[in-house]
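**Student:**
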Amino acid sequence: MKSSQSILFGILLVLVCCRGYYASVRDRKDLCPKIYPWVFLGYRPLSKEEAGLYIKISNVTLNGCIMKCCESDNCNVVFMNKNDCYTLSCKSNDDCLPVYAKEHVLDFKMILVAPLSPANYWTDILESNRFSEPEDAKVVYSLDKICEVNNDCTDNEQCDPQIGICVCSEGYELDETKKFCYSNTGNLGLGSNTSGYDVDDINNAIPEQQQFDSLKKVSVESESQKPPEIKHLVVSVLSKTVRLPENEATLSAYTVPADDTGHSYQYEWSLISKTQGSGQTVSMNDQNGSTLKLSNLVEGLYTFKVTVTGTGAFGETQANVTVLLPQRINTPPKAVILPSSLVVKLPNTVAVLDGSSSRDDTGIVHWRWELQKGQLGYRPHLPPDTPTLQLNDLQIPGNYTFKLTVMDAWNATDSTTANITVMRVPDYPPEANAGQDMVVYLPVKNVTLNGSLSTDDHGIVAWEWTKSSSDQNKAVDIQDTRTPYPRLSNLEEGLYTFVLRVTDNANQTSSPSEVHVFVKPPTNKPPVAIAGKNLTLSLPQTWALLDGSKSSDDIGIEKWKWYQISGPSNVHFDNDNASKTNVTELTKGVYVIGLTVTDGNGNNASDIVKITVYQNKNTPPKANAGGDKTIVLPVSAIILNGSLSWDDLAIVKWDWIREPNSLAAGNIILNSDHLPVLIVTNIVEGRYVFRLKVTDDQGASSEDIVSVNVKPDPIAKSIVCLTLYIEASRLTQKQADEVKLKLGMLLPTGSQLKVRKWTEEQNSKRAQLHFFVNDNKNKTLPGPDVVSMLKSKLKQDSSLLQLSVDNIQTTVCQNNCSGHGICEEETRICVCEAFWMHNLYRALFGDGESNCEWSIVYVVIILVAMFVTTVFCFWSIACFCNRICTTKQKIKKYKLVGVDDDNHTMKSSMSHLELSDTDSDSDVLLDVRKAKLNQNSMSNKLLNVSRYKKNKRVNA
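The numbering of the sequence shown is our numbering, which starts it at 886 and goes up by one.
#1: Can you check DSSP and say which residues form a bridge with Gly937?
#2: Would you tell me roughly how many angstroms separate the C-alpha atoms of Gly1512 and Lys1473, rounded to the nearest one?
#3: Quick check: the Cα distance between Gln1260 and Gln1280, rounded to an integer number of angstroms?
#4: Within 10 Å of its beta-carbon, does Gly937 have 16 or more other beta-carbons around it, so buried, or fewer, so exposed?
#5: Can you check whether the C-beta of Leu1118 is within less than 7 Å of a C-beta belonging to chain B?
#6: Are the CB atoms of Tyr928 and Pro1000 nearer to each other than 7 Å?
#7: Relative to the C-alpha of Leu1385, which candidate in Thr1394, Ser1374, Glu1399 has its C-alpha closest?
#8: Please classify Thr1207: does DSSP put it in a helix, a strand, or coil?
#9: If you reduce the DSSP assignment to three classes, tell me which class Asn1170 lands in.
#10: Near Lys967, what residues of its chain come up, given a Cβ to Cβ distance below 7 Å and the 5 sequence neighbours on each side ignored?
#11: In this structure, how does DSSP classify Thr1008 when only helix, strand and coil are distinguished?
#12: Rounded to the nearest angstrom, how far is the Cβ of Val1845 from that of Lys1625, given a contact under 8 Å?
#13: Along the chain, where does the alpha helix (DSSP H) that runs through Ser1636 open and close?
#14: List the residues that DSSP assigns as beta-bridge partners of Thr1039.
#15: Note down the Cα distance separating Leu1555 from Ile1564, rounded to an integer number of angstroms.
#16: Does the Cβ-Cβ distance between Leu1420 and Pro1371 come in under 7 Å?
#17: State buried or exposed for Leu1529, treating a residue as buried only when at least 16 other CB atoms are found within 10 Å of its CB.
#18: Spatial neighbours of Pro1315 within its chain, please: C-beta separation below 6 Å, excluding the five flanking residues on both sides.
#19: Do Asp1589 and Ile1536 come within 7 Å of each other at the CB atom, strictly closer than that value?
#20: Within 10 angstroms of the Cβ of Gly1704, are there 16 or more other Cβ atoms? Answer buried if so, exposed if not.
#21: Assuming Thr1126 is part of the beta strand (DSSP E), what are its boundary residues?
#22: Could you check if Val1105 is buried or exposed, using at least 16 other CB atoms within 10 Å of its CB as the buried criterion?
#23: Excluding sequence positions up to five away, which residues of its chain have a Cβ less than 6 Å from the Cβ of Gln1364?
#24: Quick one: is Pro1130 buried, meaning 16 or more other Cβ sit within 10 Å of its Cβ, or exposed?
#25: Could you pull out every residue in the same chain whose Cβ sits closer than 6 Å to the Cβ of Thr1273, ignoring the five residues on either side in sequence?
#26: What residue range does the alpha helix (DSSP H) around Gly1668 cover?
#27: When we look at the beta-carbon of Asn1486 and count the other beta-carbons within 10 Å, is it buried (16 or more) or exposed?
#28: Do the CB positions of Leu1518 and Pro1453 come within less than 7 Å of each other?
#29: By Cβ distance, which residues of its chain are closer than 7 Å to Ser1740, with the 5 residues on each side in sequence left out?
#30: Going straight from the alpha carbon of Ile1157 to that of Trp1295, what length do you get?
#31: Classify Phe1492 as helix, strand or coil using the three-state DSSP reduction.
#32: Leaving out five residues on either side along the sequence, give the residues of the same chain with a beta carbon under 6 Å from the beta carbon of Lys1538.
#33: Let me check one thing: in DSSP terms, what residues is Ala983 bridge-paired to?
#34: Taking 6 Å as the cut-off, is the beta-carbon of Ile1478 closer than that to any non-hydrogen atom of the ligand ATP?
#35: Which runs of the beta strand (DSSP E), 3 residues or longer, sit entirely within the stretch 1447-1526?
#36: Write down the C-beta distance between Gly1185 and Thr1216 rounded to the nearest angstrom, noting that I regard them as a contact closer than 8 Å.
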């Protein structure tokens, strides 16, 4: 009994250990329903590296490699080279067909996972390509033969570590189904099966649940009936797959031990489940035989169960029959290219061929363009798998033929071609156009010709202007003869003929084109220019009116031009193109002004006028410092403009003087205190007063005082200073931008960080960022709030800004020192008033902020009180200890006097009773009660004792 239970427990333990393996097999079936359930050992893809896209996966077993492929949408084949796993995305199913490589039988392993087209099965693909296993080796194994340890192998098998496949042990070989190992001396009688197998073959190789149920049944029967023991039969049935219109199939059951080894078994077949909608038409024949015949099958999945019983033996298993839809008749695709013929005329080099009009009943999945015929040296870029081909480099004339091949989901193809003719357009010679004939009148001697109307179909590259052969002796100067616009000068009276020839980029020259220039004698007299009489002025007048209106011409003056010829300074004309104009900015000296007038025929004449400016009496200059100003910090400079100061002649000296009541802070730069514009930097809050003194060349001077009020920064208390652990000379703009960005991320949502400036700390030379923060309503946040917020976040993680932070504080110290002191800006330490001091506890154990919280008077009082209390405590302790240590005085004892001799009878019982001055009545009574228990006559004697006690108190 115990031995049979041990055997059953061992079998159950093996089945439980194998459940993980078969669960992975079921997962593989769910993920890869079309996987071909065989391992091709020593096989490689037909097209090798060109079969498709290989993706390497490291550190996985063969099972893991298969699962990786099943989880991918683009994986078709698993290929193992030794221990390296590759998932392969095939270009086509034919490229990935397995090809035997005998020399790599121990290196290569190949598994067909998913066909390229969802309508195909690997079984059909292999059959259509007439795949067969080589006769010289047994190298195709079922997927359930994949192993990692010997526990993955079934009976009579062992795991070959070199190939990771379960192989038959010595003395055994695979049967024709490649699933079981049988002895070389015997045969299991398993017939071969040429039909395609579903992955259910793997699941049914060892049906663990059925074995568990049968073992459980055997266990129950063995306990109830005990002998004889029921022997477990290993039953195997290969699942089948059939395709309509074939609607018949057979399922054969194989047992271990076999039926033909002297054992007689009874078979019982039953239908367990079927796909919903499969109908009730299936017929089962020979349900009690080893082979079940099925007919009238329709599309769906059927699950059958076979139970095998014999004398003292029992076994059962399940098998599937998959009925597929009929193989559809595919209509081949039709390739169409629009346009089928195309002409491209240079210089155009672009052509487009559209194959999207190609059609197929299920849709086209692949497009391939090829150049069948073209010019020597032409190599177009043909993009893969696109219906539209765009060519951008058709530069060589000639004929080109392109072929389009389309493929549908059933690998049916069709091709068509399109022709492109690239033609070189005829290049016509250019046509020269020298322009219209021209007539000019002397004294005009200059003219410009225009040949821009010359044309060419591809562009003109050169122009050539020459004189006619008949005009070689005529005087004329020609410039820019290689441009469309030659310039003629120094023409004389007569007729000139000029010839234009143009050349295009093909070096073709046009016919000559002529243009005539007629130079006629003048038809009118030149104009007469009169600039007016010479003028004399006296300072302080610095302007004069010029009048050229008396200039004349017989046909009229069209243009006037006033200009300065000489003078001590540059003057300004209000309008230099008018007959009358006002000239300003005159100073002492003589000016020569010229006037040129031009008539309608281009004739011109000129005249001059002199303006003499005297200084009869010197007028002192007038200083103008620019007026009082008010500026607000953080503006760091004062700019005062005194250039509006005036003098009748000229100011030669400028002096800016700081008044005694002015602030002394601030630096005057660029020696500007001796220039018209004064610049003062590094200013502070307060009032600046400057006096401007101007002096002319005759020593006369004038002064003006200007005041500048510098107001404090309105947001000074909101400015925060962040000091970084990096020298300012090493901080780059990129680092500064990163610090600004990360600071902004630490602020509340909607806040904006405004940078005021970057500075250098005076002592440590570290970089300092001065900034303030506006909230989402553009209101400036208080500086202490910003400092507190940033300190708390930087305290949690000091590396938030990447650069280490030395200190963060407000620019202006805002510590009120508890209302009893002043905060020093540089050290941020409170200088306390008289009779006030720092809170030592807060400084040592608190936040460490400087303060003036403690009053010195109260501190002294508390210290004196603590001292007195301490002295009193020590004195009390000393007194207490002295009292304890003093010797205790011996207590006097007394005897009873005047008591009868009867008292001697109770002496023994009351020998312990002693009276003292400290005894109370209760003590005496307690002792009396105890004595009464020993002697009944004690009551009289106690009475005497009480009387004695009473007398003693009276005497006391």
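Every residue gets a Cβ at the ideal spot worked out from N, C-alpha and C, and that includes glycine. All values derive from a computational prediction rather than experimental measurement.
**Tutor:** According to the data block:
#1: Residue 937 sits at position 52 when you count from the first residue of the sequence shown. The partner list for Gly937 (beta bridge, DSSP) reads Cys975.
#2: Residue 1512 sits at position 627 when you count from the first residue of the sequence shown. Residue 1473 sits at position 588 when you count from the first residue of the sequence shown. Rounded to whole angstroms, Gly1512 to Lys1473 spans 30 Å at the Cα level.
#3: Counting from 1 along the sequence shown, the entry for residue 1260 is found at position 375. Counting from 1 along the sequence shown, the entry for residue 1280 is found at position 395. When rounded, the distance between both Cα atoms is 10 Å.
#4: As a first step, residue 937 must be located in the sequence shown, where it is residue number 52. Buried is the call here.
#5: In the structure shown, chain B does not exist; there is a single protein chain.
#6: The residue given as residue 928 occupies position 43 in the sequence shown. The residue given as residue 1000 occupies position 115 in the sequence shown. Going by C-beta atoms, Tyr928 is not nearer than 7 Å to Pro1000.
#7: For the purposes of this step, residue 1385 is identified with residue 500 of the sequence shown, where counting begins at 1. Of the candidates Thr1394, Ser1374, Glu1399, the one whose C-alpha sits nearest the C-alpha of Leu1385 is Glu1399.
#8: Within the sequence shown, numbered from 1, the residue matching residue 1207 stands at position 322. In the structure shown, Thr1207 sits in a strand (DSSP, three-state: E or B).
#9: Locating residue 1170 in the sequence shown gives position 285, counting from the first residue. Residue state, collapsed to three classes: strand.
#10: Here residue 967 is taken as the residue at index 82 of the sequence shown, counted from 1. Closer than 7 Å at Cβ, skipping near neighbours: Asp992.
#11: The residue given as residue 1008 occupies position 123 in the sequence shown. In this structure, Thr1008 counts as helix in the three-state DSSP scheme.
#12: Since the displayed the chain opens at 886 and closes at 1841, residue 1845 lies outside it and no answer follows.
#13: Looking up residue 1636 in the sequence shown gives position 751. Where Ser1636 is concerned, there is no enclosing alpha helix (DSSP H), given that its DSSP letter is neither H nor E.
#14: Translated into the one-based positions of the sequence shown, residue 1039 becomes position 154. None; Thr1039 has no bridge partner.
#15: Taking the sequence shown and counting its residues from 1, one reaches residue 1555 at position 670. Taking the sequence shown and counting its residues from 1, one reaches residue 1564 at position 679. So the alpha carbons of these two residues sit roughly 8 Å apart.
#16: In the sequence shown, residue 1420 corresponds to position 535, counting from 1. In the sequence shown, residue 1371 corresponds to position 486, counting from 1. Result no, Cβ atoms of Leu1420 and Pro1371 do not sit closer than 7 Å.
#17: Here residue 1529 corresponds to residue number 644 of the sequence shown, with the count starting at 1. Result: exposed.
#18: Here residue 1315 refers to the residue found at position 430 of the sequence shown. Asp1341, Ile1345, Val1387, Asp1389, Ser1395.
#19: Here residue 1536 is taken as the residue at index 651 of the sequence shown, counted from 1. Here residue 1589 is taken as the residue at index 704 of the sequence shown, counted from 1. No; because the gap between Cβ atoms is not below 7 Å, this pair is not in contact.
#20: Here residue 1704 is taken as the residue at index 819 of the sequence shown, counted from 1. Exposed: under 16 other Cβ atoms inside 10 Å.
#21: The residue given as residue 1126 occupies position 241 in the sequence shown. It spans 1125-1128 - the beta strand (DSSP E) in which Thr1126 sits, taken as one unbroken run.
#22: Walking along the sequence shown from the start, residue 1105 turns up at place 220. Bear in mind that a pLDDT of 37 at Val1105, under 50, signals an unreliable position, so the model cannot answer this.
#23: Locating residue 1364 in the sequence shown gives position 479, where the first residue counts as 1. Answer for Gln1364: Arg1372, listed in chain order.
#24: Numbered from 1 along the sequence shown, position 245 holds the residue referred to as residue 1130. Pro1130 comes out exposed.
#25: Counted from its first residue, the sequence shown places residue 1273 at position 388. Counting only Cβ-Cβ distances below 6 Å, and skipping sequence neighbours, we find Asp1239.
#26: Locating residue 1668 in the sequence shown gives position 783, counting from the first residue. Its alpha helix (DSSP H) spans residues 1668-1681.
#27: Here residue 1486 corresponds to residue number 601 of the sequence shown, with the count starting at 1. Flag for Asn1486 reads buried.
#28: For the purposes of this step, residue 1518 is taken as the residue at position 633 of the sequence shown. For the purposes of this step, residue 1453 is taken as the residue at position 568 of the sequence shown. Not closer than 7 Å, so no.
#29: Reading the sequence shown from its first residue, position 855 is the one you call residue 1740. For Ser1740, where only same-chain residues beyond five positions count, the Cβ hits under 7 Å are Phe1720, Trp1721.
#30: Start at 1 with the first residue of the sequence shown, and residue 1157 comes out as number 272. Start at 1 with the first residue of the sequence shown, and residue 1295 comes out as number 410. Approximately 35 Å, taken between the alpha carbons.
#31: Walking along the sequence shown from the start, residue 1492 turns up at place 607. The sequence shown places Asp at residue 1492, rather than the Phe named in the question. Reduced to three states, the DSSP call for Asp1492 is strand.
#32: As a first step, residue 1538 must be located in the sequence shown, where it is residue number 653. Correct list, in chain order: Thr1580.
#33: On the sequence shown, position 98 is the one that residue 983 refers to. This sequence places Pro at residue 983; Ala is not what is there. Its beta-bridge partners are Pro930.
#34: Inclusion of the ligand ATP in the displayed structure is not the case, the ligand content being empty and no account of it being possible.
#35: 1465-1469, 1474-1484, 1489-1499, 1514-1517, 1522-1526
#36: Position 300 of the sequence shown, counted from the first residue, corresponds to residue 1185. Position 331 of the sequence shown, counted from the first residue, corresponds to residue 1216. The Cβ separation is near 27 Å, so there is no contact.
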